[in-house]
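If you read the protein sequences in the order shown, they are chains R and A. FYI, the working numbering numbers position 118 of the first sequence as 118, with every residue one higher than the one before it. FYI, the working numbering numbers position 250 of the second sequence as 1250, with every residue one higher than the one before it. Glycine included, C-beta positions come from ideal geometry on N, C-alpha and C.
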Amino acid sequence: MQIRRTKHVKPGSKLSFGEFMIFLFPLLVFVVLLYGMLGWTIYVSFSNWVGVQPNYEFVGFKWYRQMFQLARFQADVSNNFKWLILGVVPTVILALFIAYLLEIGSIRGVETYTRTLILYPVAMSFIVTGTIWSWMYQPDKGVFNTILHTVGLGRLAGRYVTNANTATYWLIVVFVWQYLGFSVIILQSSFRTTELQEMIESALLDGASRMRILLQVIVPNIRGGILILVSLLLISSLKVFDIVYVVTFGGPGFATDVLAFFMLIATYQQHLVALGAGVGVVIFLMAFIIVIPYTIYAFRKWFE
Amino acid sequence: MKTKSRSITLLVIVTLVILTIAYVLPIYVVIMTSLKTPAEISERQYLLPSANLQFQNYVQSFQLILPSLINSSIISVSVTLLSALFGGLGGYYLSRTRTTFAKVLFILVGVAVYLPYQVILIPLVQIMAQTGLALTHFGLIGSYLILNVPLAAVLMGTFFTAIPRELEEAAEVDGASRVQIFFRVISPIALPAYASTAIIVFTQVWNEFLLALTLATPRTTTIQIKLAEIKGSFVAMYHLQMAAAVITLLVPLVIFLALGQYFIRGILAGALKG
């Protein structure tokens, strides 16, 4: 679709106060509520709220100091970084590879087939995916190990999410599985600009190899699409919580624990509400850092 | 840039086979298992279909999850309709206004869309508990609106930007007010955009877990909570677990298969590529 905008309009000026309220009041209410609650969470993180009754006594960084010393918090941060890196990098590379193959392959119907095949998990919740994959991973009776034993590869059978050393990685596999189709769709749409198609044609005429075209022509020219995709995947992998909850509940020990999960445990199981709020603030700061470049990019596109 | 090269065709086929296995195997095993008796499941012939399809597994688990299916439907449909309405109004304003206020609001809304619920969870639970809203469906509906109205505004705004302004200018010359233009001229053209936005919001709310977990009371338990509960407590009852999982994913899946194009457009608009 072509974006057309007439230059001479002076919008906003034509809106009366009543009209302004009709268009904006509902949105403003929810935005104000959201940022109000964010501020409230930040305040709680500096309070001394422990237990069910709210306690807003200001104690400064007391709970932050506690938090940074917790072994569980440190393990969570390192797990979160595993998610941020391994949930994103392989997904982007695989998606790039698949999207490119769909562009250059010439078998009829392949594209529709592949899109439906790998995109359906987008419609699924992590609870459903988690339930399904728990069943795949289950060490004694699970699907993977049973199949491995049946085909005589029993020695490859693993303990997947019950082995503290590998559990997080197997959870990340589920995430990559779920987000691959989504990633392919986003990259494909950034392939499809006329300028890029023309550049590819002329590179082909120059006799460049398919691999060189991908790395030297396509990748540098879809930086925008990649930035968007990486941001969205980073945010999604930072938010991951449901999948941990339903597959491992943070275990074994807290091997698969992540900040988003610990926030809930600290607040509603241990009733260290101030600590939970602090974890929430850390999550917010990480999300904020991820979202800022993306928002600036979106802002420029929107108000160009 | 299609190619007839043999090696690339081969590569495409190999990739397709791998992807097919990776994406069909899980769902295949789940559907097969959901139709077996517990005794059959313990034989561990996961790839073979049941000798005697157990459709009553579905009847059983449907009875088990029916109340939560109803709750999820009430909540998801309400949030979807309200988000589309409010988001449409707000998104229209954002797409047509270039004031500083609009720019600041755009940033606030843009960041809001990607905030995790964890950052507002504590105050939200506090408000919902003290007002008693948590006891009714309004609690979850209101909570979901907080993040989904900004999302809908961004999605709808992206679509509105692509609608040529000449249409509105013509209506303005005829003396129509902005509100009339929005409802009579813009919204009818934007129906496909509303469909995309509605699908995205509906799927998100239907699939949401964290807020449902902390705010749902026995009368408002959503389907995802119920499913997690079944998985937790009926440890060995894989047949019911899998049947419940199939029913839970069926609703968004049917929407996805029937309205895939709108779904994809929604995803792309969410990625600001509309």
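For residue i, the three-state DSSP class (helix, strand or coil)
i          : result
Ser-189/R  : helix
Phe-58/R   : strand
Glu-1040/A : helix
Arg-1098/A : coil
Glu-111/R  : helix
Asn-1207/A : helix
Thr-116/R  : helix
Gly-250/R  : coil
Ala-260/R  : helix
Asn-163/R  : coil
Tyr-1046/A : coil
Leu-1053/A : coil
Thr-1248/A : helix
Val-1254/A : helix
Pro-293/R  : helix
Lys-141/R  : coil
His-975/A  : The structure shown does not extend to residue 975/A, since chain A is modelled only from 1001 to 1274, so the question has no answer here.
Ser-1143/A : helix
Ile-1008/A : helix
Leu-96/R   : helix
Ala-1195/A : helix
Thr-146/R  : helix
Same chain, Cβ closer than 7 Å to residue i, five either side skipped, listed in chain order
i          : result
Asn-145/R  : Pro-139, Ala-157
Val-230/R  : Val-88, Val-92
Val-308/R  : Because chain R in this structure spans residues 1 to 304, residue 308/R falls outside the shown range and cannot be described.
Met-1242/A : Val-1030, Thr-1033, Ser-1034
Gly-154/R  : Leu-148
Gly-60/R   : Phe-46
Val-44/R   : Val-273, Ala-274, Ala-277
Phe-58/R   : Phe-46, Ser-47
Bridge partners - residue i, DSSP secondary structure assignment
i        : result
Ser-47/R : Phe-58/R
Residues near residue i in its chain [Cβ-Cβ closer than 8 Å; skip 5 each side]
i          : result
Leu-102/R  : Val-110, Glu-111, Thr-114, Val-184, Gln-188
Val-161/R  : Ser-134, Tyr-137, Ala-167, Trp-170, Leu-171, Val-247, Thr-248, Thr-256
Leu-1215/A : Leu-1124, Val-1125, Met-1128, Ala-1134, Gly-1139, Leu-1140, Ser-1143
6 Å CB neighbourhood of residue i in its chain, flanking five on each side removed
i          : result
Thr-41/R   : Ala-277, Gly-280
Glu-201/R  : none
Leu-1210/A : Tyr-1117
Pro-1067/A : none
Arg-1265/A : Ser-1196
Spatial distance of residue i from residue j (CA atoms)
i          : j          : result
Gly-1132/A : Phe-1138/A : 10 Å
Pro-252/R  : Trp-83/R   : 17 Å
Leu-119/R  : Leu-1259/A : 13 Å
Ala-1193/A : Gln-1224/A : 27 Å
Val-128/R  : Ala-1245/A : 6 Å
Lys-1103/A : Gly-1175/A : 28 Å
Leu-1240/A : Phe-1055/A : 11 Å
Val-1119/A : Gly-1232/A : 27 Å
Thr-267/R  : Leu-275/R  : 7 Å
Phe-1160/A : Ser-1095/A : 6 Å
Ser-1042/A : Lys-141/R  : 8 Å
Leu-1213/A : Asn-1207/A : 12 Å
Arg-159/R  : Arg-1006/A : 40 Å
Thr-1217/A : Tyr-1144/A : 16 Å
Phe-299/R  : Ile-1107/A : 7 Å
Ile-1013/A : Val-1024/A : 16 Å
Val-1111/A : Pro-1164/A : 27 Å
Gly-1088/A : Leu-233/R  : 26 Å
Ser-1177/A : Ala-1171/A : 9 Å
Tyr-1093/A : Ile-104/R  : 41 Å
Leu-1047/A : Tyr-1028/A : 8 Å
Gly-51/R   : Gln-1063/A : 38 Å
Val-258/R  : Thr-193/R  : 39 Å
Under 7 Å from the C-beta of residue i: neighbouring residues of chain A
i         : result
Gly-105/R : Ile-1008, Thr-1009, Val-1012
Per-residue contacts from residue i into chain D (C-beta, under 7 Å)
i          : result
Gln-1224/A : Checking the listed chains, one finds no chain D in this structure; the protein chains it contains are R and A.
Contact list for residue i against chain R, beta-carbon separation under 9 Å
i          : result
Thr-1015/A : Phe-97, Ile-98, Leu-101, Gly-105, Thr-114
Contacts of residue i in chain R (Cβ-Cβ under 7 Å)
i          : result
Ile-1264/A : Ile-185
Ala-1245/A : Val-128, Thr-131, Ile-132
Ala-1271/A : Ile-186, Ile-228, Leu-232
Thr-1203/A : Ala-123
Cross-chain neighbours of residue i in chain A, by beta carbon under 9 Å
i         : result
Trp-133/R : Pro-1026
Gly-280/R : Pro-1116, Gln-1118, Val-1119, Ile-1120, Leu-1121, Ile-1122
Met-199/R : Correct list: empty, because the minimum Cβ distance to chain A is about 10 Å.
Lys-141/R : Ile-1041, Ser-1042, Arg-1044, Tyr-1238
Chain A contact residues for residue i, given Cβ-Cβ distances below 8 Å
i         : result
Pro-293/R : Those do not exist, as Pro-293/R stays about 12 Å from chain A at its closest Cβ, beyond 8 Å.
Chain R residues whose Cβ lies nearer than 8 Å to that of residue i
i          : result
Thr-1248/A : Ser-125, Ile-127, Val-128
Arg-1178/A : Lys-14, Leu-15, Glu-19, Phe-23
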